[in-house]
Structure formats: C-alpha cells, structure tokens
Amino acid sequence: MKIDKIKRISVISAVAVFFFVLCAVHAAARPFGDVDNDGAVTSEDAREILRAAVELTTLTGETRAASDLDEDGSLSSADARLALRAAVGLEALRSVEEAGKIAADVSGVGALKNGIYTYKTLTADLAALRSAMPSRFSYRSLGKTADGRDIFCVVLGSGYGARQIVSDVGIHGSEHMNPPAVMRTLALYLQNYDKPIYQGRTVRQILDDTDLYIIPMLNPDGIAISQWGLSGLNNPDVAARVRGIYNKQRAAGGTKLSLAAYLKMWKANANGVDLNRNFRFTDKSLNLKSQTKLPANRYYAGDRSHPEAETAAYCALVGSLSAPVASLSIHSQGGLIYWLGRQTGEDKAAAKRLATTVSAVTGYRMNNSENFVCAAANWSMIEKKIPAITVECGVGRTPLPASELPKIYAAVKNLYLAVAVLYEPPAS
Ligand SMILES: [Zn+2]
Numbered sequence: 281m282k283i284d285k286i287k288r289i290s291v292i293s294a295v296a297v298f299f300f301v302l303c304a305v306h307a308a309a310r311p312f313g314d315v316d317n318d319g320a321v322t323s324e325d326a327r328e329i330l331r332a333a334v335e336l337t338t339l340t341g342e343t344r345a346a347s348d349l350d351e352d353g354s355l356s357s358a359d360a361r362l363a364l365r366a367a368v369g370l371e372a373l374r375s376v377e378e379a380g381k382i383a384a385d386v387s388g389v390g391a392l393k394n395g396i397y398t399y400k401t402l403t404a405d406l407a408a409l410r411s412a413m414p415s416r417f418s419y420r421s422l423g424k425t426a427d428g429r430d431i432f433c434v435v436l437g438s439g440y441g442a443r444q445i446v447s448d449v450g451i452h453g454s455e456h457m458n459p460p461a462v463m464r465t466l467a468l469y470l471q472n473y474d475k476p477i478y479q480g481r482t483v484r485q486i487l488d489d490t491d492l493y494i495i496p497m498l499n500p501d502g503i504a505i506s507q508w509g510l511s512g513l514n515n516p517d518v519a520a521r522v523r524g525i526y527n528k529q530r531a532a533g534g535t536k537l538s539l540a541a542y543l544k545m546w547k548a549n550a551n552g553v554d555l556n557r558n559f560r561f562t563d564k565s566l567n568l569k570s571q572t573k574l575p576a577n578r579y580y581a582g583d584r585s586h587p588e589a590e591t592a593a594y595c596a597l598v599g600s601l602s603a604p605v606a607s608l609s610i611h612s613q614g615g616l617i618y619w620l621g622r623q624t625g626e627d628k629a630a631a632k633r634l635a636t637t638v639s640a641v642t643g644y645r646m647n648n649s650e651n652f653v654c655a656a657a658n659w660s661m662i663e664k665k666i667p668a669i670t671v672e673c674g675v676g677r678t679p680l681p682a683s684e685l686p687k688i689y690a691a692v693k694n695l696y697l698a699v700a701v702l703y704e705p706p707a708s
C-alpha cells in the first residue's frame, strides 16, 4: 500500500472515530446527579446539589429534575449524599431518560369520537398522558365553570423550567377542532421526548429549561353547547338560562337563526359571555364597550366588574408564572396570526418576532392590522408585558369539519417547540 493511501485511510478513520465519539456523547444518557451535564457524576455535582438544597444556588429545568436523585420532589442533603456515593462507584444511578420513559402508547390521544372532541374525551386523554409520563406531564383544575366542568391546565416539561410558555385553547365554543389538535401535539411531544423531533433535537433538549402551560379547553361549557345544544349541559337551570338568552335575542330581532343553528355557532360560555371580550384593563379607556348589550352566543363582553370563571382562571394562571416568555391563544379560523394590539416599542417588536416565528412554523400568514378586543392575548401583552399572539387555525366556517383537523395538527405540531427555541437563552 502506498504511503499516501495509508495516510488517507488513517485520516478518514480518525475523522470517523471523532464523529462517532461526538455522536456517542450527544446520545449519552444523563445520569441522575449530573448537574453540570458532562455525562458523569462527580463530587463537584454533589457539592452543587448541596448548595441548591440550602438555597445558596438555584437549579432549574432538566438540571433541577436530574438533581433529585431520590426522586422525592425536593432537593436535600440526601440527594447530595447519593451523588457522592455514585461518584465513588458505591451507587448505580439510572439515567434521567430511563426515569422519564413513556409507559404507554398515547398515539390515540386527540382522536375524535363521532366526528367531535368532547370534554369527556379530553378528560380521559389527560389522564392517559399523565399516567404514560407523570415525570413530564401533569395537569390540574384552575376552577369550575357555570355548568360544573373543570378548566384544566397542563404542565409539560420538567416542571422546574426557568421560563414558561402559556397557551389557551378553546376559549370560543364553536372552535372545537383546536383542542384535539393541541392534545395530539402534546402526545407527540411525550412520545418523542428523547428522540430527535425538531431541528434534529429532542423535546427534552428543546424544553430543557422551558415548561409549557397549556389550557387545552378553556371554555368547555361553550364547546358542549356548540357540539350538543342544550342537551350538552349538565344543569337544567343553566340549560334554561341558555334557552332564555336565545329567546330574548330572537324576540329583540337580534337573530333569525333556529335554536339549533344558534347554539351550534355558540362562541360564549354558558352565561352568554364572549370570554375573549371579557378581559379587564387597568387603563379603563382600553375596556371596549360590548358589541351587544345582552348575553348572546357571541360578542357580549359581560360585566367587567365580575370576570367570568374562565377569564379569572386564565389571569390567575398567567399571574402565577415566574417568567412567562410567550402567550399563544389558539382560535379558528382563517389561517392567520394577529399580533398587533396597541403595544409600543420593544413590546411591539417582541410580539412581531413571536408572530414571525409562528408564521414560519405553521404556514399561517401574519395579519398586521390592529386587533384589540379585550382578548386573552391583549391582556397578556398589555397587563403582563408578555409577547402574545392569536393564532387562527384552519379555514372554513366554524365549527370546522373533522376534515380540517389533520391540517390544523400539521400546522401546530411544531408550534410550541419553535417558540421554545425562539426563547432559548444565548449559549454561555
Ligand atoms: Zn375564537
């Protein structure tokens, strides 16, 4: 063999070995206790855990989760001691990936039953996702609706993220193809938590320090009304009130629709309040007058001195977050994104950046006209200074047909990952 050829082969082999090692490092599981994420547990890691346990330092996101060696939900000297024992080979610790493995196939989550996605299906799907991966998926109720349903909030991620992305889905009753699209998205994230899914990276890597706070069905009463009419309501008094709202509107000439058609197009909650007009602003001049004076299936802003349970739940959630970086309101329809809502300066620039990212990942176009209707996104932006947008999914008349669901899912499935990447802190 010629010297040149030998040289060439050894260079190629060296490069191959280098890439193999590089890939191996990337694919390496992260052991519990590996605070500095160098692939091994050392006395340095034990020291950092001890410092965090006595609050001399704060650990967040995946690092915080990986530091809880005994997996009891808190950091203590016991975790540091376990790390020390692991460092000298006295303890064999499983990897965080092993601990966070998905326990069941959740690919059926977000499926329609008889062409619709009901509150009941949502409840079952939430339980299925939590039992499949309790370490990365939890949910709780933020409050009860007038007709006795829970307003659920999901947390997807380590639960210890330094940043949060918040998203409300299904605030309008007739927009009930969006909850299943978002639930399918959450199932997809859990199924691929440790597999490359977006830009060659895993969900764990992308959500390393960012938790998703998703309200998958903010207005379950309104959705039940749109799907089932009066028979969808649990409480006969609530059903009678909804019927009364229609009767009054009909008598006043406010609608010519039949009761069935009127209820099918219902956007409000069970009190006849359009929740996305119900948000209140400190600057009272921003509180727009209601487009209708009486409760209705849409456009009635309600009594602003008494926010509805759903509105209050959203505000309480957003107000409880330590560092929300983006708020995404998922609506239908039109395939477009509203982002301009009386912001100025850097707030306006941040909302535009967010909308640009979401436009690129969903294929929906940006609508650059002012859209201020006392909506959730307006409230997040103005009252909480969180970049916030409204995403109008799908095309057609709401309620959208089941045939729109695959298209909506295709548009939104990378949405939250793209936004998380947008808000990643610069590498130090
Ligand atoms: Zn809407």
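Each residue of the sequence shown is one higher than the last, beginning at 281 in the working numbering.
Idealized CB from N, CA, C, for every residue including glycine.
In this text the structure is predicted, and so the values were computed from the model without any measurement.
Between the CA atoms of residue j and residue i - distance to the nearest angstrom
i: A630; j: T562; result: 22 Å
i: G615; j: V671; result: 8 Å
i: G428; j: R481; result: 41 Å
i: Q479; j: A309; result: 20 Å
i: L392; j: S454; result: 15 Å
i: C303; j: P476; result: Any reading at C303 must be qualified, since the residue scores a pLDDT of 42, below 50, and its modelled position is unreliable; the value itself is stated next. Near 13 Å, if we compare the C-alpha coordinates of P476 and C303.
i: V522; j: L566; result: 29 Å
i: T340; j: G441; result: 5 Å
i: A596; j: R584; result: 16 Å
i: R560; j: A691; result: 31 Å
i: S660; j: I666; result: 5 Å
i: K536; j: R530; result: 6 Å
i: K234; j: F652; result: What is shown of the chain runs 281 to 708, which leaves residue 234 out entirely.
i: C433; j: V368; result: 42 Å
i: L466; j: S683; result: 20 Å
i: I662; j: K564; result: 12 Å
i: N658; j: G388; result: 34 Å
i: D276; j: I382; result: Residue 276 lies beyond the residue range present for the chain, which begins at 281 and ends at 708; the question has no answer from this structure.
i: V305; j: D359; result: Only weak support is given to the placement of V305: the predicted model assigns it a pLDDT of 41, under 50, and the value that follows is read from those uncertain coordinates. Roughly 25 Å between the two C-alpha positions.
Simplified DSSP assignment, three categories, for residue i
i: S570; result: coil
i: S538; result: coil
i: A655; result: coil
i: M497; result: coil
i: T398; result: coil
i: M646; result: strand
i: Y689; result: helix
i: L370; result: coil
i: G423; result: strand
i: T482; result: strand
i: V389; result: coil
i: L436; result: strand
i: P476; result: strand
i: P460; result: helix
i: A550; result: coil
i: R361; result: helix
i: K664; result: helix
i: D318; result: coil
i: I503; result: helix
i: G381; result: Reading off the sequence shown, one finds Lys at residue 381, where the question assumed Gly. Three-state result, K381: coil.
Residue i - partner residues in DSSP beta bridges
i: A606; result: I445
i: E672; result: H611, L616
i: F561; result: None, per the DSSP bridge assignment.
i: G490; result: For the sequence presented, residue 490 should be read as Thr rather than Gly. Answer is R443, bridged to T490.
i: S375; result: P311
i: P516; result: BP columns for P516 are empty, so no partner.
i: D430; result: K424
i: S418; result: V435
Residue i at chain C interface by Cβ criterion, 8 Å
i: P604; result: Annotation note: the requested chain C is absent from the structure, which comprises a single protein chain.
Checklist entry - Do the stretch 363-377 and the stretch 310-321 touch if we need at least three Cβ pairs shorter than 8 Å? => result yes
Item to check | Segment contact flag, the stretch 444-459 with the stretch 411-421, C-beta cutoff 8 Å, min 3 pairs | outcome: no
Checklist entry - Should the stretch 463-473 be called in touch with the stretch 505-519, which here means at least 3 C-beta pairs below 8 Å? => result no
Next on the checklist: Assess contact between the stretch 650-670 and the stretch 608-628, defined as three or more Cβ pairs (one per stretch) separated by less than 8 Å. Is contact present?
Outcome noted: yes
Checklist entry - ligand 1: which residues have Cβ under 7 Å from any of its heavy atoms, chain order? => result I451, H452, E455, K547, N556, H611, S612
Next on the checklist: Using 8 Å as the cut-off, can you tell me whether the stretch 390-407 makes contact with the stretch 488-504, which would need three or more C-beta pairs spanning the two stretches below that distance?
Outcome noted: yes
Next on the checklist: Three or more C-beta pairs under 8 Å: does that hold for the stretch 352-361 against the stretch 324-335?
Outcome noted: yes
Checklist entry - Do three or more CB pairs link the stretch 692-707 to the stretch 636-656 at distances below 8 Å? => result yes
Next on the checklist: Quick test of the definition: if touching needs 3 or more C-beta pairs under 8 Å, does the stretch 405-414 touch the stretch 482-491?
Outcome noted: no
Next on the checklist: Counting beta carbon pairs with one atom in the stretch 643-655 and one in the stretch 619-633, are three or more of them shorter than 8 Å?
Outcome noted: yes
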